[in-house]
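Everything on this sheet refers to the single structure shown next.
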Amino acid sequence: MSAMSDSRITSVSTEARVFPPPAAFAASARIGSREAYDAVYARSIQEPEAFWAEQAQSFHWFTPHERVLEWQAPHAKWFVGGTTNLAYNCLDRHLAGPRADATAIVFEGEPGDVVRYTYRELHAEVCRLANALTQLGVVAGDRVGIYMGMVPEAAMAMLACARLGAVHTVIFGGFAAEAIRDRLNDAGAKVVLTQDAAWRRGGQVPLKAQVDRALADVPSVEHVVVLQRMAEAPALGERDYDWRTLVAAQSAEHEAPALDAEHPLFILYTSGTTGKPKGVLHSTGGYMVGTALTTRHVFELRDDDVYWCTADVGWITGHSYVVYGPLCNGATVMMYEGAPNHPAPDRFWELIAKHKISILYTAPTAIRAFIKWGDEHPQRHDLSSLRLLGTVGEPINPEAWMWYREVIGGERCPIVDTWWQTETGGIMMTPLPGSIPAKPGSCCLPFFGVSPKILRDNGEEAEPNEGGLLVIDKPWPSMLRTIWGDDERFRATYFSRFEGKYFTGDGARRDADGYFWVMGRVDDVVNVAGHRLGTAEVESVLVAHEAVAEAAVVGRPDELKGQALVGFVTLKGGVTATEELRAALIDKVSADIGKFARPDAVIWADALPKTRSGKIMRRLLARLAAGETELGDVTTLEDAAVLASLRDREGEDE
Ligand code: PRX
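The numbers in this note's numbering rise by one with no breaks, and the one at position 290 of the sequence shown is 270.
Given below as structure tokens:
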């Protein structure tokens, strides 16, 4: 990886250039000038309740709210007393209008099969599936696991749950059995929706087999519904149902029930500083209004757009910006099943030309990979349908931003670099494409109603350009409501660092123009290729191996993936460090969590450096892993010899 020499990938300059919104874009935008943005933003902060009450009006409510907000930090309730249904707002609401027969989802499988659903058809499919789930005994409040690839049925599964008020927990298809088991058990899932296998890089990724392994130890699951994606019908066990058979027998009529605005919508597990992933809980009304409003303004959606967010539905970006936000707006959503480089590195560009995609929303890691694969691939295709580009998930280096603008956007498309998190539900900071000049590498300014601050350790506000901790000091509609089953952890994780303010876990600075620059996590969370991983999760897999006494996992900078994982491992007495053992440890991480969590390197250590109180000195290990020689203040090291032993071994893997 370090041999890669393309200077456009490596971050060498943060010198800010400014790109004003293209004139043609500003002319037709909903918010078409900086003054217009400033006025709306000021109102959203000064009169939040009036602002959000107005925004809520463009949705269908069975009963209107009585109060906009009840805020008793850390608990927020939005649109109190209102009842609605998110699936109704994504589907039924469009059936009476001009979008009824517009395409809701265009799907292309990796082998090239294309399927389209209009809003009317998608509505019918979701109603049938909701009836099927009801037949299986699913009622409002029950939890349903969804472990699928990127197929339209994954979106249908989410919508059917939302329609019934069943709380879905989507588990990314890259997770392996143990991770699935832990999540299903934590959620207490009653039913799991899955598929036999998904296409990826020409091969079949087995999904049902992982579910079967996981379910050996999940007593709460009563039924499994299996979608057949491959040619051969999957073998079904006693508790399994064939998706299509089950759904075909159902009525396409289903009345969406009125659900309380605060009815739990979904649990999505994300990594934190301990080994146990956190079940981030989102609720119905606030999430709906927040994700739909951001989708409309950030992507400046129009009815003739073909909108493509490349995220997997297993992550928050897939929830908010593949499914709920765009469908609430009646958008035409592209879904692609497979790898960006199958059968060739130009697959994305071929898809854009073929489906006339106008909005592309992807991750910086993907952009850096495209740069590495070569300009000839996008240049071979007609990308003139594109009119807006977005990025999400990790900081984008200015060089990758410039390449995206020039080679993909033909210098005519604005770029929105959107900062947000699983916990925030929707986009929090971004340039608005018609009104806010963009600076490459900056997520620019807060979205309406979002109040970010950069604080010093002592809680004072930092000066312009002074790095500090990023907090949000006012509640917003799509914020998480709690951690499933652990409200104390919710309070301790997010609202105790600065009493009553939401702590993001990110470090950032704000420049003299008020633009935000997010630097990355300040906790033990590592962002590998846009995937958020807790180092403690990987450590607990390593220490569970019989040969391992102790392990510490840290992130190190990686030109392509942003960050990569490095594990420092101390073996039990009498165990010999071999290449086989190293490979076995890495394989164990693949088998237990998933391939995407594999450490790039495992470094043997006689012991791990610890403070006098016994805490592993991770920051020091991170600097060692990054190959830095200047190790800073190590006077608190319990045993300086440990450090020397590490230094000697560092580089063995290179
Ligand atoms: O560190 C920030 C980084 O991703 C983290 C959130 O990860 P996750 O919950 O998986 O959600 C990712 C998709 C929203 C943040 O704490 N991050 C996300 N977007 C950006 C970013 N860092 C810099 N710039 C961004 N645009």
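Glycine residues also receive a C-beta, built at the ideal position from the N, C-alpha and C atoms.
Predicted, not measured: the structure shown is a model, and the values here were computed from it.
Sorry if obvious, but does the Cβ on residue i come closer than 7 Å to a heavy atom of ligand 1?
i	result
R512	yes
V498	yes
R477	no
G154	no
R501	yes
N321	no
T371	yes
P444	no
S486	Note that residue 486 corresponds to Asp in the displayed sequence, not to Ser. Checking the Cβ of D486 against ligand 1 gives yes.
I296	yes
N507	yes
C393	no
P375	yes
Q401	yes
C424	no
A253	In the sequence on display, residue 253 carries Thr and not Ala. Incorrect: T253 has no Cβ contact closer than 7 Å to ligand 1.
T271	no
T398	yes
T250	yes
First and last residue of the beta strand (DSSP E) that includes residue i?
i	result
I247	P244 to T250
C424	C424 -> no beta strand (DSSP E), and no H or E assigned at all.
A127	It should be noted that the sequence gives Tyr, not Ala, for residue 127. Counting along the chain, the beta strand (DSSP E) containing Y127 begins and ends at R123 to Y127.
W636	The question about residue 636 has no answer, for the chain in this structure spans -19 to 634.
In whole angstroms, what is the alpha-carbon distance linking residue i and residue j?
i	j	result
A67	G255	34 Å
A232	A33	33 Å
L540	D192	34 Å
R14	E27	20 Å
A76	A110	21 Å
A213	A156	22 Å
P413	F428	14 Å
H654	G61	Lying outside -19 to 634, the shown extent of the chain, residue 654 is not represented and no answer is given.
A3	I337	21 Å
V302	G406	12 Å
L116	A442	55 Å
E632	I566	Reliability fails at E632, whose pLDDT of 40 lies under 50, so the model's placement of it is uncertain and the value that follows must be treated cautiously. Going by the C-alpha atoms only, they are around 16 Å apart.
H525	L588	17 Å
A324	E391	25 Å
Y97	E317	16 Å
R477	Y17	31 Å
V523	V506	19 Å
T264	D586	51 Å
H203	A606	47 Å
Y267	P411	21 Å
H74	D283	12 Å
N69	M128	24 Å
D397	E242	30 Å
Q37	R348	41 Å
Using a Cβ-Cβ cut-off of 8 Å, state whether residue i counts as contacting chain C.
i	result
P413	Structure shown: chain C not included; a single protein chain is present.
The alpha helix (DSSP H) with residue i in it runs from where to where?
i	result
A333	R327 to H335
G305	G305 to C308
L449	Careful: L449 lies outside any alpha helix (DSSP H), inside the beta strand (DSSP E) at G448 to I452.
Q115	Y99 to Q115
R10	R10 -> no alpha helix (DSSP H), and no H or E assigned at all.
V648	No information on residue 648 is available, as it lies outside the stretch -19 to 634 that the chain covers here.
D162	A157 to A167
E636	Residue 636 falls outside the range modelled here, since the chain spans only -19 to 634, and no answer is possible.
G265	T264 to V278
Any chance the CB of residue i is under 7 Å from a heavy atom of ligand 2?
i	result
T274	No copy of ligand 2 appears in this structure; the ligands present are ligand 1.
- [ ] Would you check if there are 3 or more beta carbon pairs closer than 8 Å linking the region 380 to 388 to the region 261 to 277?
- [x] no
Open item on the list: Tell me whether the region 146 to 154 and the region 162 to 176 touch, counting them as touching only if at least three CB pairs, one residue from each stretch, are closer than 8 Å.
Closed with: yes
Open item on the list: When you compare the region 148 to 160 with the region 278 to 294, are there three or more beta-carbon pairs, one atom per stretch, that lie closer than 8 Å?
Closed with: yes
Open item on the list: Any contact between the region 459 to 473 and the region 511 to 520? By contact I mean 3 or more CB pairs, one from each, below 8 Å.
Closed with: no
Open item on the list: Below 8 Å, how does it come out for the region 544 to 553 and the region 579 to 588: are there three or more Cβ pairs, yes or no?
Closed with: yes
Task: Stretch pair the region 414 to 424 + the region 479 to 498: three plus CB contacts closer than 8 Å - done: yes
Open item on the list: Is it the case that the region 588 to 604 contacts the region 528 to 538, given that we only count it when at least three CB pairs across the two stretches are under 8 Å?
Closed with: yes
Task: Sufficient close CB pairs (3 or more, under 8 Å) joining the region 552 to 565 to the region 274 to 291 - done: no
- [ ] Would you check if there are 3 or more beta carbon pairs closer than 8 Å linking the region 77 to 86 to the region 304 to 318?
- [x] yes
- [ ] Count the CB pairs spanning the region 327 to 347 and the region 360 to 372 that are closer than 8 Å, and state whether there are at least three.
- [x] yes
TODO: Say whether the region 476 to 494 touches the region 430 to 449, bearing in mind that this needs 3 or more beta-carbon pairs closer than 8 Å, one atom from each stretch.
DONE: yes
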